[in-house]
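Peer 1: The sequence shown begins at 18 in this note's numbering and counts up by one.
Have a look at the structure that comes next, please.
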Amino acid sequence: MHDHLLLSPEDARSLQSCVHCGLCLPSCPTYLISGKEADSPRGRLLLMKSLDRQAWADPSAHFGHLDSCLGCRACETACPSGVPYGDLLEQVRARQREQYQPLPFRQRVTLAWTTSRRRLIWLTALLRQLQKLRLDRLVIALRLLPAALRVQLAGLPPLPARSFSQAALEDFAPAHPAGKMRGRVALFTGCVMDSWYAEVHAATVRVLRWNGYGVTVPVEQVCCGALHSHAGEEQTGALLLEANRVAFGAVDAQAVVVNSAGCGAQLQKLGNGEPALEIVDVTVWLDRQGLVPPVSPLPGRTAYDAPCHLRHAQRIKAEPERLLALACAELVPLDEAELCCGSAGLYSLGQPEYSRQLLARKLQRISTAAPDRLVTANPGCQLQLQGGLRNTGSDLPVAHIMTVLDSAYSRDPAYRTAVMA
Ligand code: SF4
Ligand code: SF4
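Now the structure itself:
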């Protein structure tokens, strides 16, 4: 037995690598808006240390500053000592949920929707009816839901009648413009992406095919479990991961390609274990192989808001920007593009005030950049940003990067004939 309450000896050693320099503070969204040391990475690491060392007889009262952490991992990118903040947070949250404070009811219900395809289909059908009857607008106007949910409702895309998996064949053939076949990848479809952003998956498949890749969509795959792991539901997160290892391990593909930043960061854990899988964000895959350049880039001003789980958790920065530079006529800089928008999985439900302030800050930066389209690469960010914009009267579209590439390609009749027919 060791004398740690929350962490393994190895994680406790990692915690010691923080030298309290404070270089991470300007990158931390909650520190930026609150100015409180306790809501900074350094303050939270000290809190973890105290909790782990049993400094308090009843630690329950001290978890608030950890609950207010977005898990955005911007502090990790900034930290010169390599403190693995995200891993430490997941470990502490898992012990918090097991030993002291179960996950609040509303967040447990939300998680339950993601793990069952059937429940997600029902929820999507209900939301679709609301959209068809325009009742969603009434619900928002009459403030019948908490503010965070009104943002999410406003941010929904027009919901499809069927999820991507329900509509998809299992295999798609490559269709390179020069007839060059490059190989085959497997596509991770996820939960919300599959049900609400089926069109993003369809666009991803078309873009991959045009770049010479066949795409396999294994039917046995499940939700990645990222939301569960971030919320401290460690066991469910691990079970979902292993189910995906089995589903993708059986597929003959060069890599598992992911188009959702949050799912990709979680699935990276499948790089260890047996069979070890290569998990790659779709932007990295296309950039690495050399993107077939669109013949006619999209006109107008495009701004890119980097999802935290792409930029910080997976350290992917240049690849999406290089792809967008090929697909868009003019890329405009967005101030604080690497700062969280306040979505962060279930965060807006548990910490609505910080989430609201971060969204307001982001909307202000977007307004200054004045783009014609805003691009992201994660469903949570897309919902939050689109909902925030709509609720403030803006009609600026928020698009996934694969939709942008698909739109640029589709200006070429050869593309439409080859992959859109
Ligand atoms: S987490 Fe890293 S950057 Fe932040 S105070 Fe500790 S050592 Fe410094
Ligand atoms: S994960 Fe994000 S919110 Fe949490 S301490 Fe690090 S930078 Fe701050």
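Even for Gly, the Cβ is constructed at its ideal location relative to N, Cα and C.
Just so we're clear, the structure is a prediction, and the values are computed from it rather than from any experiment.
To which residues does DSSP link residue 417 through a beta bridge?
Peer 2: Within the sequence shown, numbered from 1, the residue matching residue 417 stands at position 400. 393, per the DSSP bridge assignment.
Peer 1: Reducing DSSP to helix, strand and coil, say where residue 436 ends up.
Peer 2: Your numbering for residue 436 matches position 419 in the sequence shown. Reduced to three states, the DSSP call for residue 436 is helix.
Peer 1: Just the C-alpha distance for residue 414 and residue 407, rounded to the nearest angstrom, thanks.
Peer 2: Position 397 of the sequence shown, counting from 1, holds the residue named residue 414. Position 390 of the sequence shown, counting from 1, holds the residue named residue 407. Going by the C-alpha atoms only, they are around 9 Å apart.
Peer 1: In whole angstroms, what separates the C-alpha of residue 22 from that of residue 72?
Peer 2: Your numbering for residue 22 matches position 5 in the sequence shown. Your numbering for residue 72 matches position 55 in the sequence shown. Straight-line Cα distance between these residues: approximately 10 Å.
Peer 1: So, residue 13 versus residue 88, is the Cβ gap smaller than 9 Å?
Peer 2: The requested residue 13 does not occur in the structure, where the chain is confined to residues 18 to 438.
Peer 1: Could you pull the start and end residues of the beta strand (DSSP E) that residue 50 belongs to?
Peer 2: Sequence index remark: in the sequence shown, residue 50 carries index 33 (1-based). Here residue 50 belongs to no beta strand (DSSP E); instead the alpha helix (DSSP H) covers 46-51.
Peer 1: Helix or strand or just coil, what does DSSP make of residue 230?
Peer 2: Within the sequence shown, the letter at position 213 stands for residue 230. It is a strand residue.
Peer 1: Where do the N-terminal and C-terminal ends of the alpha helix (DSSP H) with residue 104 fall, by residue?
Peer 2: Position 87 of the sequence shown, counted from the start, is the residue given in the question as residue 104. Residues 102-112.
Peer 1: Indicate the three-state DSSP secondary structure (helix, strand or coil) for residue 18 in the structure shown.
Peer 2: Position 1 of the sequence shown, counted from the start, is the residue given in the question as residue 18. Low local confidence applies: a pLDDT of 46 at residue 18 is under 50, so the model's placement there is unreliable, with the coordinate-based value given in what follows. Three-state DSSP puts residue 18 in coil, outside helix and strand.
Peer 1: Whole-angstrom Cβ separation of residue 100 and residue 44, contact assumed at under 8 Å?
Peer 2: As a first step, residue 100 is located in the sequence shown; it is residue number 83 there, counting from the start. As a first step, residue 44 is located in the sequence shown; it is residue number 27 there, counting from the start. Incorrect: roughly 13 Å between the Cβ atoms, too far for contact.
Peer 1: What three-state label does DSSP hand residue 201 in the structure shown?
Peer 2: Within the sequence shown, the letter at position 184 stands for residue 201. In the structure shown, residue 201 sits in a strand (DSSP, three-state: E or B).
Peer 1: Are residue 283 and residue 265 closer than 9 Å when you measure CB to CB?
Peer 2: Position 266 of the sequence shown, counted from the first residue, corresponds to residue 283. Position 248 of the sequence shown, counted from the first residue, corresponds to residue 265. Not in contact: residue 283 and residue 265 (Cβ atoms no closer than 9 Å).
Peer 1: Along the chain, where does the alpha helix (DSSP H) that runs through residue 126 open and close?
Peer 2: The count along the sequence shown starts at 1 and reaches residue 126 at position 109. From DSSP, the alpha helix (DSSP H) with residue 126 extends over 122-132.
Peer 1: Please name the residue in 97, 333, 383, 402 whose C-alpha comes closest to that of residue 278.
Peer 2: Your numbering for residue 278 matches position 261 in the sequence shown. When only C-alpha atoms are compared, the closest one is 333.
Peer 1: May I ask you to check if the CB of residue 142 is nearer than 8 Å to at least one heavy atom of ligand 1?
Peer 2: Mapped onto the sequence shown, residue 142 falls at position 125. Not so, every heavy atom of ligand 1 lies at least 8 Å from the Cβ.
Peer 1: For residue 192, which option in 178, 184, 185, 201 has the closest C-alpha, if you only look at C-alpha atoms?
Peer 2: The residue given as residue 192 occupies position 175 in the sequence shown. Looking at the Cα atoms, 201 is the closest of the given residues.
Peer 1: Just curious, the beta strand (DSSP E) that residue 330 is in, first and last residue?
Peer 2: Walking along the sequence shown from the start, residue 330 turns up at place 313. First-last for residue 330: undefined, no H or E at that position.
Peer 1: Pair every Cβ in the stretch 265-274 with every Cβ in the stretch 291-299, then say whether three or more of these pairs are closer than 8 Å.
Peer 2: Judged by Cβ distances under 8 Å, the stretch 265-274 makes contact with the stretch 291-299, as three or more pairs qualify.
Peer 1: Where do the ends of the beta strand (DSSP E) carrying residue 428 lie?
Peer 2: Residue numbering aside, residue 428 sits at position 411 when the sequence shown is read from its first letter. Here residue 428 belongs to no beta strand (DSSP E), and DSSP marks it neither H nor E.
Peer 1: Between residue 221 and the rest of its own chain, which residues show a CB-CB distance below 7 Å, the 5 nearest in sequence each way excluded?
Peer 2: Here the question's residue 221 lines up with position 204 in the sequence shown. Cβ within range, chain order: 204, 276, 299, 419.
Peer 1: Would the beta-carbon of residue 378 fall within 9 Å of that of residue 50?
Peer 2: Taking the sequence shown and counting its residues from 1, one reaches residue 378 at position 361. Taking the sequence shown and counting its residues from 1, one reaches residue 50 at position 33. Yes.
Peer 1: Taking only three categories from DSSP, how would you classify residue 371?
Peer 2: Residue 371 sits at position 354 when you count from the first residue of the sequence shown. Note: residue 371 maps to helix in three-state DSSP.
Peer 1: Name the two residues that bound the continuous beta strand (DSSP E) containing residue 58.
Peer 2: Numbered from 1 along the sequence shown, position 41 holds the residue referred to as residue 58. Taken as a continuous stretch (DSSP letters only), residue 58 belongs to no beta strand (DSSP E), being part of the alpha helix (DSSP H) at 58-69.
Peer 1: Measure the alpha-carbon distance for residue 380 versus residue 107 and round it to whole angstroms.
Peer 2: Numbered from its first residue, the sequence shown carries residue 380 at position 363. Numbered from its first residue, the sequence shown carries residue 107 at position 90. Rounded to the nearest angstrom, the two C-alpha atoms are 29 Å apart.
Peer 1: I need the boundaries of the beta strand (DSSP E) containing residue 347, first residue and last residue.
Peer 2: Locating residue 347 in the sequence shown gives position 330, where the first residue counts as 1. From DSSP, the beta strand (DSSP E) with residue 347 extends over 345-348.
Peer 1: State yes or no: is the C-beta of residue 321 within less than 9 Å of the C-beta of residue 337?
Peer 2: Reading the sequence shown from its first residue, position 304 is the one you call residue 321. Reading the sequence shown from its first residue, position 320 is the one you call residue 337. Cβ distance < 9 Å, so residue 321 and residue 337 count as in contact.
Peer 1: Rounded to the nearest angstrom, what separates residue 104 and residue 93 at their Cα positions?
Peer 2: Taking the sequence shown and counting its residues from 1, one reaches residue 104 at position 87. Taking the sequence shown and counting its residues from 1, one reaches residue 93 at position 76. Distance between the alpha carbons of residue 104 and residue 93 is about 10 Å.
Peer 1: Can you name the start and end residues of the beta strand (DSSP E) that residue 319 belongs to?
Peer 2: Stepping through the sequence shown from its first residue, residue 319 is reached at position 302. Looking at the DSSP string, the run of the beta strand (DSSP E) that includes residue 319 is 315-321.
Peer 1: Starting from residue 298, follow its DSSP beta bridges and name the residues at the other end.
Peer 2: Taking the sequence shown and counting its residues from 1, the one referred to as residue 298 is at position 281. Residue 298 pairs with 275.
Peer 1: Where does residue 352 sit, in a helix, a strand or coil, going by DSSP?
Peer 2: To locate residue 352, count along the sequence shown from 1; it is residue 335. Residue state, collapsed to three classes: coil.
Peer 1: With a threshold of 8 Å on Cβ separation, who are the neighbours of residue 6 within its own chain once the five nearest residues in sequence on each side are excluded?
Peer 2: As shown, the chain starts at 18 and ends at 438. That puts residue 6 outside it, with no answer to give.
Peer 1: Taking just the CA atoms, how far does residue 409 sit from residue 421?
Peer 2: By 1-based counting over the sequence shown, the position of residue 421 is 404. By 1-based counting over the sequence shown, the position of residue 409 is 392. About 24 Å.
Peer 1: Starting from residue 259, follow the alpha helix (DSSP H) in both directions and report where the run begins and ends.
Peer 2: As a working mapping, residue 259 is identified with position 242 in the sequence shown. Residues 251-266.
Peer 1: Of all the CB atoms in chain C, is at least one closer than 9 Å to the CB of residue 371?
Peer 2: Among the chains of the structure shown, chain C does not appear; only one protein chain is present.
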